[in-house]
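Here's the structure, in structure tokens; my notes come after.
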Amino acid sequence: MQDDAPVMDTGILPWHVEIARTWLSSRERFAHAWLIHGATGIGKLQFARACASSMLCENPQGHLACGACDACLWLRHGNHPDFRALRPEAIAATEGPFVAAEDAAPRSKTLSRDIRIEQVRALETWLNTATHRGGDRIVLLYPAEALNAVSANALLKILEEPPAHTVFLIVADAPDRLLPTLVSRCRRLPLAPPAPDAALQWLRAEGVKDAAAYLAAAGGAPLAAARLAESGSEACPGWLRRWLQALAAGRAGAVVPELVTDLEKQPAEQWLDAFQRVLTDLACVQAGAPARYYPGLANLLAEAASRVSRVQVTQTARWLTSQQRVSRHPLNPGLFTHAVLLRVSGLAAA
Ligand SMILES: [Zn+2]
4 MQDDAPVMDT
14 GILPWHVEIA
24 RTWLSSRERF
34 AHAWLIHGAT
44 GIGKLQFARA
54 CASSMLCENP
64 QGHLACGACD
74 ACLWLRHGNH
84 PDFRALRPEA
94 IAATEGPFVA
104 AEDAAPRSKT
114 LSRDIRIEQV
124 RALETWLNTA
134 THRGGDRIVL
144 LYPAEALNAV
154 SANALLKILE
164 EPPAHTVFLI
174 VADAPDRLLP
184 TLVSRCRRLP
194 LAPPAPDAAL
204 QWLRAEGVKD
214 AAAYLAAAGG
224 APLAAARLAE
234 SGSEACPGWL
244 RRWLQALAAG
254 RAGAVVPELV
264 TDLEKQPAEQ
274 WLDAFQRVLT
284 DLACVQAGAP
294 ARYYPGLANL
304 LAEAASRVSR
314 VQVTQTARWL
324 TSQQRVSRHP
334 LNPGLFTHAV
344 LLRVSGLAAA
């Protein structure tokens, strides 16, 4: 094994230590399937990986993985015989060598964004063999939203007759988007975002500059904040600042053409999210509360908030939510971007 080969990070995030210990200490009463859910970017997958490592560890310390035994090392290098990860090829491809043998070779050039039925079938074969190390075996599945109707039903069949000595850790951002029968087969483990102090301390230790602004922009989710900072983007994107300046000056319509050029090249889900955040901030300011996502733009937000009606802000925010569904498959990205910008820029005309 090469020293520089990427390994799976099985370390536990500081804000998860207590809940992991409590949860792992009741292992005798373990359900066979857990749905680990909570807001995007708070470290749910990292929690699940750390707990999988702790369950497979052959020398746990205070219920957590020792990080040094054979089991811990195998897991980090993606070759523990009693561990399988199920995730879309598109995600697996970004994870380096941490790829289970049977889904290592993508079948087509386009990597699937779904967890495919073939992956669930391959899992069934594995589940029918004895565990290698005599303990539990762990299936880590993420994100659960990537299960399509066919693969979700195949998984459901497995969970209806759960194999012995097997624990499923299923990670989801939004359980309400999952097959209800699948959810009902799992015990829920909700994870809350960390306290702001803990999140800031972690971000600073990770070397994130201007951590408070990134944390706010990510809605208090530290891993999302770190990703945003890593992407090289400002906490508040330049285009959003320009739009807000124009809105505050009562000429938002004038910047629509230049913003269309900017945004049609970017993933629509991301910039729609940014608009939703700024609308939430406008609603907060109009209600006399501080801005939640872009507190650094307080003056600009106050100026813009005084120019638009509360009803329009609420209605536009609701309309943007409906556009999130369309945004994944717009027929024409340019036209879609233009339509959204006209709508949000129409706020000032109210
Ligand atoms: Zn260990």
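For the sequence shown, my numbering gives the first residue as 4, with consecutive numbering after it. Glycine included, every Cβ here is placed at the ideal spot set by N, Cα and C.
### Query
So what does DSSP say about residue 64, is it helix, strand or coil?
For this step, residue 64 is matched to residue 61 along the sequence shown. In the structure shown, residue 64 sits in a strand (DSSP, three-state: E or B).
### Query
If you scan the stretch 151–202 from start to end, which runs of the beta strand (DSSP E) of 3 or more residues do you find wholly inside it?
169–175, 190–193
### Message
Can you tell me whether residue 40 is helix, strand or coil according to DSSP?
### Response
In the sequence shown, counting from the first residue as 1, residue 40 sits at position 37. Note: residue 40 maps to strand in three-state DSSP.
### Query
Should residue 301 be flagged as near chain B, meaning a C-beta pair shorter than 8 Å?
No chain B appears in the structure shown, which is made up of a single protein chain.
### Message
Would residue 36 and residue 173 be called neighbours here (beta carbons separated by less than 8 Å)?
### Response
Here residue 36 refers to the residue found at position 33 when the sequence shown is read from its first residue. Here residue 173 refers to the residue found at position 170 when the sequence shown is read from its first residue. For residue 36 and residue 173, yes; Cβs fall inside 8 Å.
### Query
Is the beta carbon of residue 2 within less than 7 Å of some heavy atom of ligand 1?
There is no way to answer for residue 2, as the model of the chain reaches only from 4 to 353.
### Query
Which residues bound the beta strand (DSSP E) around residue 22?
Here the question's residue 22 lines up with position 19 in the sequence shown. Note, residue 22: premise wrong, no beta strand (DSSP E); alpha helix (DSSP H) at 20–28.
### Message
So if DSSP puts residue 143 in a beta bridge, which residue, or which two residues, is it bridged to?
### Response
Working through the sequence shown from its first residue, we reach residue 143 at position 140. Its beta-bridge partners are 88, 172.
### Query
Hey, quick one: how far does the alpha helix (DSSP H) through residue 217 stretch, first residue to last?
Start at 1 with the first residue of the sequence shown, and residue 217 comes out as number 214. Residues 214–220.
### Query
What residues in its chain sit with their C-beta under 7 Å from that of residue 177, if we drop five residues either side in the sequence?
Position 174 of the sequence shown holds residue 177. The answer, listed in chain order, is 148.
### Task
Give the secondary structure of residue 118 by DSSP, where H, G and I count as helix, E and B as strand, and everything else as coil.
Along the sequence shown, one-based indexing puts residue 118 at 115. Residue 118: strand per DSSP, three-state reduction.
### Query
What's the call for residue 255, buried or exposed, on a 16-neighbour Cβ count within 10 Å?
For the purposes of this step, residue 255 is taken as the residue at position 252 of the sequence shown. It is buried - the Cβ of residue 255 has at least 16 other Cβ atoms within 10 Å.
### Query
Who are the near neighbours of residue 16 in its chain, counting only those whose CB is closer than 6 Å to its CB and skipping five residues on each side?
Along the sequence shown, one-based indexing puts residue 16 at 13. Apart from sequence neighbours up to five positions away, the residues of its chain that approach residue 16 with a beta-carbon distance below 6 Å are 46, 49, ordered along the chain.
### Query
Do residue 266 and residue 320 have their C-beta atoms closer together than 8 Å?
Locating residue 266 in the sequence shown gives position 263, where the first residue counts as 1. Locating residue 320 in the sequence shown gives position 317, where the first residue counts as 1. No, these two residues do not count as a Cβ contact at 8 Å.
### Beta-carbon proximity of residue 251 to residue 239, cut-off 8 Å
Position 248 of the sequence shown, counted from the first residue, corresponds to residue 251. Position 236 of the sequence shown, counted from the first residue, corresponds to residue 239. No, they are not a contact pair.
### Task
Give a yes or no on whether the C-beta atoms belonging to residue 44 and residue 294 are separated by under 8 Å.
Here residue 44 refers to the residue found at position 41 of the sequence shown. Here residue 294 refers to the residue found at position 291 of the sequence shown. 8 Å or more divides the Cβ of residue 44 from the Cβ of residue 294.
### Query
Do you know whose CA, among 288, 292, 317, 312, lies nearest residue 303's CA?
By one-based count along the sequence shown, residue 303 stands at place 300. Residue 288 is the option with its Cα nearest to residue 303.
### Task
Take every Cβ of the stretch 129–146, pair it with every Cβ of the stretch 75–89, and state whether three or more of those distances are shorter than 8 Å.
They touch, by the three-pair rule.
### Query
Between which two residues does the alpha helix (DSSP H) carrying residue 278 extend?
Position 275 of the sequence shown, counted from the start, is the residue given in the question as residue 278. For residue 278, the uninterrupted alpha helix (DSSP H) segment begins and ends at 271–289.
### Message
Going by DSSP, what residue range makes up the alpha helix (DSSP H) through residue 230?
### Response
Residue numbering aside, residue 230 sits at position 227 when the sequence shown is read from its first letter. Start and end: 225–233.
### Task
State the DSSP-derived secondary structure class of residue 265, mapped to helix, strand or coil.
The residue labelled residue 265 in the question sits at position 262 within the sequence shown. Three-state DSSP puts residue 265 in a helix.
#### Entry: N- and C-terminal bounds of the alpha helix (DSSP H) containing residue 83
Mapped onto the sequence shown, residue 83 falls at position 80. Premise fails: residue 83 is in no alpha helix (DSSP H) and is neither H nor E.
### Query
Over what stretch of residues does the alpha helix (DSSP H) that includes residue 302 continue unbroken?
Numbered from its first residue, the sequence shown carries residue 302 at position 299. For residue 302, the uninterrupted alpha helix (DSSP H) segment begins and ends at 301–308.
### Message
Taking the beta carbon of residue 233 as the centre, do at least 16 other beta carbons fall within 10 Å, making it buried, or is it exposed?
### Response
As a position in the sequence shown, residue 233 is number 230, starting the count at 1. Per the 10 Å Cβ criterion, exposed.
### Query
So residue 321 is in the alpha helix (DSSP H); what residue range does that whole segment cover?
Locating residue 321 in the sequence shown gives position 318, counting from the first residue. Where residue 321 is concerned, the enclosing alpha helix (DSSP H) stretches over 313–330.
### Task
Run the proximity test for residue 14: is its beta-carbon closer than 7 Å to any non-hydrogen atom belonging to ligand 1?
Position 11 of the sequence shown, counting from 1, holds the residue named residue 14. Every heavy atom of ligand 1 is 7 Å or more from the Cβ of residue 14, so no.
### Message
Helix, strand or coil, according to DSSP, for residue 58 in the structure here?
### Response
One-based indexing of the sequence shown puts residue 58 at position 55. DSSP places residue 58 in helix when its eight states are reduced to three.
### Query
Beta carbon of residue 70: closer than 7 Å to some heavy atom of ligand 1?
As a position in the sequence shown, residue 70 is number 67, starting the count at 1. True, at least one ligand heavy atom lies under 7 Å from that Cβ.
### Message
Please state the DSSP three-state secondary structure of residue 35.
### Response
Translated into the one-based positions of the sequence shown, residue 35 becomes position 32. In this structure, residue 35 counts as coil in the three-state DSSP scheme.
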